[in-house]
Structure formats: C-alpha cells, structure tokens
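S.K.:
Numbering (this note's numbering), first residue to last: 473 to 652.
What follows is the structure, encoded as structure tokens:
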C-alpha cells in the first residue's frame with residue numbers, strides 16, 4: 473500500500489474525471505469540475521504521507537495558476553525527513569514541534585521571497601492525525617470535516633472555519649503587517 477502521494481492540478485486536471493485513491497488509511501478524491509460548465513484547468517493540489525501511527529495531509533486550493541500549490545508541495549517534500557522524524561516522536565512532543573516547524577517553514581525569508589515570484593496564491597489546510605489526536609493548520613478557506621460516531625451524535629462535523637482573503641503565494645498572509 474502506498475505511504476505517500478502528491479499531486480498538483482497542472483500535472484493532471486481531472487476535469488470531467490473522478491479519481492479516488494488510497495494512501496495508507498487516507499482516501500483521496502480528486503475532481504476538477506465539468507468542462508460543460510466551462511472548467512478547463514485545475515490549480516489545486518494535495519500531499520499525503522502515512523507513517524506508523526500518523527498521517528499528514530495537505531489540501532491546496534490555488535487561484536490563477538498552480539504555481540503556489542507547487543511551491544508548497546516542493547517545500548514540504550524538501551523538509552520531509554525533518555517532519556517525519558518529528559511525527560515519530562511521542563504525541564506530546566510531536567504536535568508542538570510540528571507546529572513550530574511548519575510556522576518556521578512558512579515564515580522563512582527564502583520561502584517568502586519565492587512566494588513573491590509565483591503567479592497566484594493558494595489556501596492551505598494541513599491536517600495531522602497522530603495516535604488518537606488530530607491537529608490542523610489552516611490558511612484560507614479549506615474546510616476540515618471529521619466523521620466520528622461520537623462527534624456525529626453531537627451533530628459536529630466541521631472542525632475549522634473558512635478564512636477568506638488569506639493565502640500563501642503572490643498574496644501572502646505571512647507578509648501581512650499585524651496592526652497594533
């Protein structure tokens with residue numbers, strides 16, 4: 473069974489095509505829309521890694537071009553060894569180190585400079601399951617739904633909220649000044 477997968481819409485659009493695949497315990501569905509409704513390109517992307525007691529998934533909803541989605545996929549692949557080492561640690565250590573590392577990746581001067589060189593931007597949702605815990609990091613309007621019987625009984629599915637006008641890329645949330 474595959475333990476990794478990455479895809480960006482400029483590689484294959486999946487316009488008029490439904491695709492479902494499995495990476496470890498994660499099911500991935502891709503559909504680029506209908507050409508009969510005017511859809512002709514797909515800028516979105518994803519990356520999924522599966523480990524011994526964890527999964528890391530990234531969902532990317534890019535606009536204008538797929539360059540920003542490509543940038544994030546490449547950046548995470550570049551840091552894969554570090555991220556996997558973190559995820560193999562006990563959950564109490566792993567989650568804090570993961571959060572710090574991901575923020576460092578996105579705030580690094582070199583990454584932010586490369587964001588300015590791409591055309592377009594992407595919303596980015598990173599979700600990690602480690603043991604019985606779920607952690608997420610969200611920039612933009614991707615939504616995380618969790619289907620679990622105990623949460624279902626409470627009518628709870630949606631775990632985060634959409635934040636419009638937040639992106640990574642040419643327009644970059646990490647370059648926005650924070651008002652005092």
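Even for Gly, the Cβ is constructed at its ideal location relative to N, Cα and C.
1. Pick helix, strand or coil for residue 587, following the three-state DSSP scheme.
2. Curious, which full-length beta strand (DSSP E) runs of at least 3 residues does the stretch 529-575 contain?
3. Only counting the same chain, and skipping five residues up and downstream in sequence, which positions put a Cβ closer than 7 Å to that of residue 488?
4. Check residue 645 in the structure and name its three-state DSSP category.
5. In terms of residue numbering, what span does the alpha helix (DSSP H) encompassing residue 507 cover?
6. Can you tell me where the beta strand (DSSP E) holding residue 618 begins and where it ends?
7. Relative to the C-alpha of residue 498, which residue among 504, 531 and 514 is closest?
8. Using only alpha-carbon positions, find the residue among 493, 591, 611 and 605 that is nearest to residue 579.
9. Determine the extent of the beta strand (DSSP E) in which residue 639 is found, giving its start and end residues.
10. Who are the near neighbours of residue 567 in its chain, counting only those whose CB is closer than 6 Å to its CB and skipping five residues on each side?
11. Going by DSSP, what residues sit across from residue 482 in a beta bridge?
M.R.: Well, looking at it:
1. Taking the chain shown and counting its residues from 1, the one referred to as residue 587 is at position 115. If DSSP states are grouped into helix, strand and coil, residue 587 belongs with the helices.
2. none
3. Working through the chain shown from its first residue, we reach residue 488 at position 16. Once the five neighbours on either side are set aside, the close Cβ partners of residue 488 are 506 and 507.
4. Numbered from its first residue, the chain shown carries residue 645 at position 173. In the structure shown, residue 645 sits in a helix (DSSP, three-state: H, G or I).
5. As a first step, residue 507 is located in the chain shown; it is residue number 35 there, counting from the start. From DSSP, residue 507 is part of no alpha helix (DSSP H); its letter is neither H nor E.
6. Locating residue 618 in the chain shown gives position 146, counting from the first residue. Note, residue 618: premise wrong, no beta strand (DSSP E); not H, not E.
7. Position 26 of the chain shown, counting from 1, holds the residue named residue 498. Taking only the C-alpha atoms, the option nearest residue 498 is 531.
8. Locating residue 579 in the chain shown gives position 107, counting from the first residue. Minimum Cα distance to residue 579 is reached at 611.
9. In the chain shown, residue 639 corresponds to position 167, counting from 1. Looking at the DSSP string, residue 639 is not in any beta strand (DSSP E), and its letter there is neither H nor E.
10. As a working note, residue 567 is residue 95 in the chain shown. Cβ neighbours of residue 567 beyond the five flanking positions: 607.
11. As a first step, residue 482 must be located in the chain shown, where it is residue number 10. Answer is none; residue 482 lacks a bridge partner.
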